Each structure stands twice: as structure tokens, then as C-alpha cells.
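Worksheet: one structure, shown below.
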Amino acid sequence: MTQSAKAVLLDVKEASRSFGGLKALSEVSLHIGKGELIGLIGPNGAGKTTLFNLLTGVYPPSTGSIILNNESIGGMKPYKINHKGAARTFQNIRLFTSMTVLENVKIAFHQHARHSLFTSMLRLPKHFRGEDEITQKAMDILKIFNLADQCGEVASNLSYGNQRRLEIARALAAGPRLLLLDEPAAGMNPNETRDLMNLIAWIRKEFDLTILLIEHDMSLVMGVCDRIYVLDRGMLIANGTPSEIRSNPKVIEAYLGQEA
Numbered sequence: 001m002t003q004s005a006k007a008v009l010l011d012v013k014e015a016s017r018s019f020g021g022l023k024a025l026s027e028v029s030l031h032i033g034k035g036e037l038i039g040l041i042g043p044n045g046a047g048k049t050t051l052f053n054l055l056t057g058v059y060p061p062s063t064g065s066i067i068l069n070n071e072s073i074g075g076m077k078p079y080k081i082n083h084k085g086a087a088r089t090f091q092n093i094r095l096f097t098s099m100t101v102l103e104n105v106k107i108a109f110h111q112h113a114r115h116s117l118f119t120s121m122l123r124l125p126k127h128f129r130g131e132d133e134i135t136q137k138a139m140d141i142l143k144i145f146n147l148a149d150q151c152g153e154v155a156s157n158l159s160y161g162n163q164r165r166l167e168i169a170r171a172l173a174a175g176p177r178l179l180l181l182d183e184p185a186a187g188m189n190p191n192e193t194r195d196l197m198n199l200i201a202w203i204r205k206e207f208d209l210t211i212l213l214i215e216h217d218m219s220l221v222m223g224v225c226d227r228i229y230v231l232d233r234g235m236l237i238a239n240g241t242p243s244e245i246r247s248n249p250k251v252i253e254a255y256l257g258q259e260a
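Residue numbering for the sequence shown follows full-length UniProt numbering, starting at 1 and increasing by one per position.
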């Protein structure tokens with residue numbers, strides 16, 4: 001299906017963000033169709049994570065608009081944006097490290113729980129049925145990520161690669177329409193990166209997800225993305241297919257610091 005035939009899920013129009021006198025993002029516009037897997041790349045300090053922070057409510061945009069599923073989310077609180085269907089992982093892993101693997105995933109499911117605080121406080125049968133349902137759903141997610149056997153482990157005891165996988169599993173448990181992955185392959189070896197690439201492609205199809213991916217590993221980006229946006233010094237300098245981006249002189253100059 002061509003981009004023109006896809007319904008737009010995320011539409012960012014001339015979004016900027018300033019911190020005092022520093023303009024971290026300057027009039028960035030991008031659009032992502034439902035079901036697309038889009039890459040966001042650029043040198044260190046290009047503004048990639050700042051853009052993610054605007055999309056997920058960590059910062060409001062200084063100017064411009066952000067539309068998710070036909071609703072303006074610019075300036076919304078992070079938890080409200082999460083309820084609207086956007087979930088993310090972080091460049092630096094943010095798990096509840098003193099909680100178990102299973103508890104980390106169950107937390108994400110609880111926002112959609114059908115039992116109320118009232119039934120939980122009174123320990124009514126509906127509370128226990130709801131908790132059993134959430135536990136089963138969490139275990140199903142953990143099986144997908146090959147973490148079910150470690151469900152009782154404290155999250156901090158997992159290997160670095162498995163902590164990355166758990167963070168993605170927790171984001172999926174929130175039931176997002178848009179999944180934002182901030183350098184998911186950071187710290188992984190080539191075999192782990194290859195497995196992650198296959199996993200991302202699989203969950204996109206299996207969960208009918210739209211994915212926006214920040215990544216420095218070009219083999220992963222070029223291997224899974226439909227289109228790629230490139231930032232440099234807070235400005236969008238290119239967008240296109242992987243083959244177009246690979247040969248774009250502006251992109252080569254941004255990465256190598258010289259003319260192609």
C-alpha cells in the first residue's frame with residue numbers, strides 16, 4: 001500500500017522546541033501512516049530524543065502542532081498521551097528494577113483493567129478475576145519475548161539485552177497504536193540486534209502497530225524501515241526510502257562532516 005493510500009496516524013507540523021536561547025528542534029514536520037515502520041536517524045545531538053519527548057508529552061512544543069489519530073496531543077501530559085495510544089521505550093532503560101519481570105508488564109495492563117479501585121479495596125470476586133486476566137495477558141506477552149521463564153526474577157537481575165526486551169514488552173502491554181522505540185539495539189551484540197530486528201518486524205505485523213524508531217545501528221534501520229527521516233542540528237534535512245537515504249548527499253555530509 002502506498003503512503004498516499006494510508007490513513008495518517010501521526011502528523012507533526014512545524015514543531016519547534018527551545019530551551020532558553022537554544023533551539024533544539026526547528027520547524028520539524030513529518031507524517032506517519034497507519035501500519036508504517038519509520039526510522040528517525042541523525043548524528044548525536046541532532047534532536048531525535050527531543051522530538052520523542054514532544055510526541056510523548058515530556059515537553060510541550062514551543063511552536064507547531066502534533067496530531068495523533070486526528071486529535072491534538074501537543075502539550076498533553078504523558079499519561080494522557082499514553083491513554084490516547086502512544087507508548088515508548090527510552091534510550092536509557094527505565095524499568096521498575098526492584099519489581100519482578102511479571103510485575104513490570106502487569107503495571108502497563110492495569111490502566112485498562114475492568115475491575116475498579118472499589119472492588120479491589122473490598123477484595124470482591126471481580127477483583128480476583130480481573131487480576132487473573134491481567135496476569136495471563138502479561139504472561140502471553142512475556143512468552144513472545146522469551147521472558148516467561150524469568151517472570152519471577154527481579155528486573156535488575158536480567159541481562160542488559162533482556163532488560164531492553166522487557167521494556168518493549170511493557171510498552172506493548174499498554175496497547176498502543178503508535179510504538180516509539182528509542183535506540184532499542186543500544187548495547188546489544190550483532191546476534192541480539194539481528195534477533196531484535198526480526199522481533200520488531202514480527203510485532204509490527206502481529207499487533208498491527210505503527211512504529212517510529214530511533215536507532216544508530218544502520219543495518220537495523222535499513223533492514224526494517226519503510227521510510228526514514230533524518231535530523232541534523234534540530235532540523236529535518238531528508239526523508240525517503242532506505243535506498244534514497246543511503247545515497248543522499250546531505251545525509252552523508254551530516255554523518256561524515258564532508259561533501260559526498
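The beta-carbon is built from N, C-alpha and C at its ideal position, and this holds for glycine as well.
If you're wondering where the values come from, they're calculated on a predicted model, not measured in any experiment.
How is residue i classed by DSSP in three states: helix, strand or coil?
{"i": "residue 63", "result": "strand"}
{"i": "residue 222", "result": "helix"}
{"i": "residue 214", "result": "strand"}
{"i": "residue 107", "result": "helix"}
{"i": "residue 230", "result": "strand"}
Determine which residues share a DSSP beta bridge with residue i and list them.
{"i": "residue 23", "result": "18"}
{"i": "residue 254", "result": "DSSP, once it has assigned bridges, lists no residue as partnering residue 254."}
{"i": "residue 86", "result": "178"}
{"i": "residue 10", "result": "32, 68"}
{"i": "residue 154", "result": "100"}
Mind checking which residues open and close the alpha helix (DSSP H) that includes residue i?
{"i": "residue 193", "result": "190-206"}
{"i": "residue 171", "result": "160-173"}
{"i": "residue 53", "result": "48-55"}
Roughly how many angstroms lie between the CA atoms of residue i and residue j, to the nearest whole one?
{"i": "residue 245", "j": "residue 89", "result": "25 Å"}
{"i": "residue 72", "j": "residue 36", "result": "20 Å"}
{"i": "residue 154", "j": "residue 102", "result": "9 Å"}
{"i": "residue 270", "j": "residue 87", "result": "Residue numbering for the chain in the displayed model covers 1 to 260; residue 270 lies beyond these limits and cannot be assessed."}
{"i": "residue 66", "j": "residue 10", "result": "7 Å"}
{"i": "residue 13", "j": "residue 228", "result": "17 Å"}
{"i": "residue 50", "j": "residue 232", "result": "12 Å"}
{"i": "residue 115", "j": "residue 55", "result": "Its pLDDT being 49, under 50, residue 115 is placed unreliably by the model, and the measurement read from it follows with that caveat. Distance between the alpha carbons of residue 115 and residue 55 is about 30 Å."}
{"i": "residue 224", "j": "residue 138", "result": "26 Å"}
{"i": "residue 109", "j": "residue 248", "result": "42 Å"}
Counting along the chain, where does the beta strand (DSSP E) carrying residue i start and finish?
{"i": "residue 73", "result": "No beta strand (DSSP E) holds residue 73; DSSP gives it neither H nor E."}
{"i": "residue 40", "result": "37-41"}
{"i": "residue 237", "result": "235-240"}
Sort the options by Cα distance to residue i and report the nearest one.
{"i": "residue 254", "options": "45, 186, 12", "result": "45"}
{"i": "residue 212", "options": "178, 81, 201, 238", "result": "178"}
{"i": "residue 23", "options": "61, 186, 38", "result": "61"}
{"i": "residue 203", "options": "168, 220, 221, 228", "result": "168"}
{"i": "residue 39", "options": "161, 226, 94", "result": "226"}
{"i": "residue 42", "options": "219, 222, 215", "result": "215"}
Please confirm whether any heavy atom of the ligand NAP lies closer than 7 Å to the CB of residue i.
{"i": "residue 151", "result": "Of the ligands one can find in the structure shown there are none, so the ligand NAP has no counterpart to examine."}
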